[in-house]
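For reference, the structure discussed in these notes is given below.
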Amino acid sequence: MTSLSLRVAGALLCTTLLGSAASHAATFYSVSNKADSNTVVAYTSGSDGSFSILGEYKTGGTGTGDLEIPALKKDPNHPLLNGDDPLISANSIERTEDGKHLIVVNPGDATISLLKVAEDGALAAVNSVKASDKFPISIAINGSKVVVASVGKDNGSGSIGAFELKDGELVAVEGSRRDLMARPSTIRFSSDGNHVIVNELVTGKIHAFAHDGKTLSEKPVSTVNSPVSEGRFQAIPVGFTITQRGDKDIVLMSEARFLTPDFMLRPGSGEVLQSPGFSWQTSSLSTYSLTKDGQLELISGDVLTGYNGIEGGELSNCWVVLSKDGNTLWSINPLSSSYSSFDIAEDGFARLNQAQALKLRPETLFFGDATLSPDGDQIYQLISNTGQVMVININENNVLQPTQMLGGLPELGSYGMVAID
């Protein structure tokens with residue numbers, strides 16, 4: 019276990035070295051969510067492996083500032099209104115397969131922007147198109163195919179829509195909107211590009227739609243529910259990833275477990291430093307198989323981010339990062355300022371390895387979106403309540419070592435993380 023205490027003072031404009039950094043070249047990006055003009059901030063590494071800010075680039079759309087969707091209200095004491103997780107999603111900025119373009123959501127004006135990546139990592143806006151609904155939050159790309167999930171007017175709505183990269187621009191596929199039963203969180207393609215997986219935040223449903231190369235099936239070809247058991251909080255699936263195993267895909271799904279069985283927040287007595295008025299159950303991970311014809315089936319359900327039952331473990335697993343070899347998955351637990359590690363077997367079964375594979379004390383840093391470096395030896399972790407990014411080295415035997423903290427983002431409201439070579 020790696021333990022590190024950090025004192026963070028807002029969004030810094032310089033770097034703070036905490037250890038030795040890796041010596042390869044890489045560039046990564048996060049989104050400011052600025053309400054007047056949304057931007058992407060780029061970070062690049064030097065010859066010594068340390069990172070610095072490359073630049074800030076306009077997307078052509080607008081964000082929501084430090085207001086969380088869809089309510090767009092501010093309450094510093096409420097965990098869903100305090101501004102540290104504006105979208106509650108993953109994959110809000112993604113790279114094309116050739117690494118020559120990025121696509122980013124703009125929740126403020128309900129658009130999606132295509133950005134061209136220069137050789138030095140700088141960005142230039144190409145074009146923007148309207149999403150299928152208000153508040154686009156998540157993107158998936160497979161070749162020239164693009165799909166985007168949007169929240170809509172409230173938590174009881176949601177939709178997905180298809181787009182394509184055509185003649186150097188992002189283009190909407192007419193008539194491709196498909197309505198969901200509730201607010202989505204994350205969308206991804208299957209490894210062969212023939213299906214699209216999307217989850218619903220509050221209902222816990224996970225859908226597989228077929229994709230014929232142009233548009234989406236009218237209805238899901240399969241749907242599964244997140245694991246439910248007596249006394250257990252709602253699963254609340256947020257970020258997930260997909261890895262191929264033989265003739266099947268394995269879907270690795272985070273579960274935040276922050277709403278009671280009757281969909282309420284449980285009062286707390288200061289147990290959670292970042293939100294002292296409320297308390298959570300131990301979060302979890304579930305895994306599913308996805309067949310070539312789009313059928314979803316549970317493999318391992320409600321695998322805890324802790325050793326001692328449904329109380330007292332790591333909290334609010336909202337994002338996941340999979341090692342390059344696909345055998346280790348890290349859950350990102352924002353309200354515990356921690357990572358948990360899981361062993362992923364060949365059949366997709368998940369087993370907790372370390373509840374605290376990385377732990378920062380005190381538990382005051384909200385770990386947001388994260389991404390793996392292209393060569394798999396670093397993780398770039400957004401700290402969503404300070405406007406910073408933490409660089410984490412993956413050392414021998416998958417030991418995690420934070421090495422650098424960078425600023426350059428607004429203190430609250432930023433989202434998304436993606437990396438290129």
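Heads up: the sequence shown runs through residues 19 to 439, numbered per my numbering.
Backbone N, C-alpha and C define an ideal beta-carbon position, used for all residues, glycine too.
Going by C-alpha distance, which of Ile397, Val417, Glu414, Asn416 is nearest Met408? Ranked by how close their Cα comes to the Cα of Met408, the residues Ile397, Val417, Glu414, Asn416 have Ile397 in first place.
For Asn415, which three-state DSSP category applies? In this structure, Asn415 counts as helix in the three-state DSSP scheme.
Okay, do the stretch 251–258 and the stretch 219–227 touch, 3+ Cβ pairs below 8 Å being the bar? When C-beta atoms of the stretch 251–258 are compared with those of the stretch 219–227, three or more pairs fall below 8 Å, so the two segments count as touching.
Any contact between the stretch 240–253 and the stretch 174–191? By contact I mean 3 or more CB pairs, one from each, below 8 Å. When C-beta atoms of the stretch 240–253 are compared with those of the stretch 174–191, fewer than three pairs fall below 8 Å, so the two segments do not count as touching.
Would you check if the stretch 419–426 and the stretch 137–146 touch, i.e. whether three or more CB-CB distances between them fall below 8 Å? Taking 8 Å as the limit for Cβ pairs, the verdict is that the stretch 419–426 does not touch the stretch 137–146.
Tell me which residue opens and which closes the beta strand (DSSP E) that Tyr47 is part of. Note, Tyr47: beta strand (DSSP E), 45–49.
Apply the 10 Å Cβ neighbour rule to Gly324 and answer buried if 16 or more other Cβ atoms are within range, or exposed otherwise. Burial of Gly324 is indicated by the presence of at least 16 other C-beta atoms within 10 angstroms of its C-beta.
Where the beta strand (DSSP E) containing Ser273 begins and where it ends: According to the sequence displayed, residue 273 carries Glu and not Ser. Element bounds for Glu273: 266–273.
Classify Pro94: buried if its beta carbon has 16 or more other beta carbons within 10 angstroms, exposed otherwise. Within 10 angstroms of the beta-carbon of Pro94 lie fewer than 16 other beta-carbons, which makes it exposed.
Ser302: first and last residue of the uninterrupted beta strand (DSSP E) it sits in: It spans 302–308 - the beta strand (DSSP E) in which Ser302 sits, taken as one unbroken run.
Going by beta carbon distance, what residues of the same chain come within less than 8 Å of Ala60, once the five residues before and after it are set aside? Excluding positions up to five away in sequence, the list reads Thr45, Phe46, Tyr47, Ile71, Leu72, Gly73, Glu74, Tyr75, Gly139, Ala140, Leu141.
If I measure Cβ to Cβ from Leu383 and keep anything under 6 Å in the same chain, skipping five residues before and after, which residues do I get? Non-local beta-carbon contacts of Leu383 in its own chain, meaning distances under 6 Å to residues more than five positions away in sequence, involve Ser355, Ile401 in chain order.
Going by C-alpha distance, which of Ala437, Pro392, Gln372, Val58 is nearest Gly358? In the sequence as displayed, the identity of residue 358 is Ser instead of Gly. Residue Gln372 holds the alpha-carbon nearest to the alpha-carbon of Ser358 among Ala437, Pro392, Gln372, Val58.
Nearest residue (CA-CA) to Leu376, options Arg369, Ala368, Phe385: Out of Arg369, Ala368, Phe385, Phe385 has the C-alpha closest to the C-alpha of Leu376.
Within this structure, are the beta carbons of Ser341 and Gly394 separated by less than 9 Å? Result yes, Cβ atoms of Ser341 and Gly394 sit closer than 9 Å.
If we count Cβ pairs, one from each stretch, closer than 8 Å, do we get three or more for the stretch 277–291 versus the stretch 232–241? In short, these stretches do not touch, since the Cβ pair count stays below three.
Grouping DSSP H, G and I as helix and E and B as strand, with all else coil, what is Pro352? Judged by DSSP in its simplified three-state form, Pro352 adopts helix.
Tell me, please, whether the stretch 199–215 touches the stretch 152–166 by the rule of three or more beta-carbon pairs shorter than 8 Å. The stretch 199–215, when compared against the stretch 152–166, does touch it at the 8 Å Cβ threshold.
Under a three-way DSSP split, which group does Trp298 fall into? If DSSP states are grouped into helix, strand and coil, Trp298 belongs with coil.
So, at 8 Å on beta carbons, what are the nonlocal neighbours of Ser297 in its own chain, with the 5 sequence-adjacent residues on each side left out? Short of 8 Å from the beta carbon of Ser297, and not among the five residues preceding or following it, lie these beta carbons of its own chain, in chain order: Arg284, Pro285, Gly286, Ser287, Glu289, Val290.
Report the residue from Ala274, Ala388, Ser194, Gly312 whose alpha carbon sits nearest the alpha carbon of Ser302. Comparing Cα-Cα distances from Ser302 to each of Ala274, Ala388, Ser194, Gly312, the minimum goes to Ala274.
Should Gly193 and Thr241 be called a contact, given that it needs their Cβ atoms to be closer than 9 Å? No.
Is Ser41 buried or exposed, if buried means 16 or more other CB atoms sit within 10 Å of its CB? In this predicted model, Ser41 has a pLDDT of only 48, less than 50, meaning its place in the structure is not dependable enough to derive any value.
Which stretch, first to last residue, makes up the beta strand (DSSP E) that contains Pro88? Counting along the chain, Pro88 falls outside any beta strand (DSSP E), and DSSP gives it neither H nor E.
Buried or exposed for Gly327, going by 16 or more other Cβ atoms inside 10 Å? Its Cβ having fewer than 16 others within 10 Å, Gly327 is exposed.
For Tyr433 and Asn124, what's the separation of their Cα atoms in angstroms? About 11 Å.
Which partner residues does Asp361 have in the DSSP bridge list? Beta-bridge partners assigned by DSSP to Asp361: Thr346, Arg369.
Same chain, Cβ closer than 6 Å to Asp84, five either side skipped, listed in chain order: Short of 6 Å from the beta carbon of Asp84, and not among the five residues preceding or following it, lie these beta carbons of its own chain, in chain order: Gly101, Leu430, Gly431.
Ala39 burial status per 10 Å Cβ neighbour count (16 or more: buried): A caution first: Ala39 carries a pLDDT of 46, below 50, which makes its placement in the model unreliable, though a value can still be read off. When all chains shown are included, Ala39 counts as buried.
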